[in-house]
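Per my numbering, residue 2 is the first one in the sequence shown, and the count goes up by one each step.
One structure below.
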Amino acid sequence: MTANLISTNIPDFLSILTQTAIAYRQGNKLPTAELVVNALLQAEKTAKQQHLNYPFDSLIGKWRLCFATGTKKVRKRGGIILGKGFYVPKLAAAYISFSANSEITNQAKLGSLLLKLTGPAQYPGKKNLLAFDFTQMEISLFGRVVYHQPIRSGKVKSEDFYSQSIAKLPFFAFFLATEDFIAARGRGGGLAIWIKES
């Protein structure tokens, strides 16, 4: 089933996440972290129940990280639980980009310092999983590249990337993709929402 969230009855989670994206972009009062986490969990549950599939084209573009949850390992319960979640401060911008040639770019900017990681991505479409590996690192200062080298952040060599099982690679499981924002769960269990960069 292809995702189609156009309806006269907008689910509460979609309203909350849309409000979150707008408020973050405009600098308005933000919904509470608890409200956003609950909306993300509801969106994820709905995507699973309705077997929603998002085409890779819906992810192409540059997205700014708006909100994320961490995870905590719980010894007594034997598992991982979500952290409370937090809004990413505007002065510390973090971006993720997907290109039509299946490349992923992750950038973090603090003042005039920019760290950029790039590498291959694959999106087989099954369960909306996007696997990736970072193979290049670039550091810029005041708009000038001061470091650019291949890196080995992943466990597999670049040439082996496409033959590896997604279970062995870092990945995002996207459960919501609109024109304005995307949301996913990372391999480590945390949730995130990114807003479209204009």
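For glycine and all other residues, C-beta sits at the position ideal for the given N, C-alpha and C.
- Residues of the same chain with a CB within less than 6 Å of the CB of K117, apart from the 5 flanking positions on each side, are Q108 and E139 in chain order.
- L131 and T70 have their C-alpha atoms roughly 19 Å apart.
- Collapsing the DSSP output to three states places S98 in a strand.
- Collapsing the DSSP output to three states places F57 in a helix.
- S113 and V147 have their C-alpha atoms some 12 Å from each other.
- The segment 36-51 and the segment 173-182 touch, with three or more beta-carbon pairs separated by less than 8 Å.
- Residue environment for N102: exposed (fewer than 16 other C-beta atoms within 10 angstroms of its C-beta).
- In this structure, I17 and L36 form a Cβ contact; the two beta carbons are roughly 6 Å apart against a cut-off of 8 Å.
- Ranked by Cα distance from L92, the options K110, G84 and S98 are led by K110.
- Here the alpha carbons of I105 and Y55 stand approximately 17 Å from one another.
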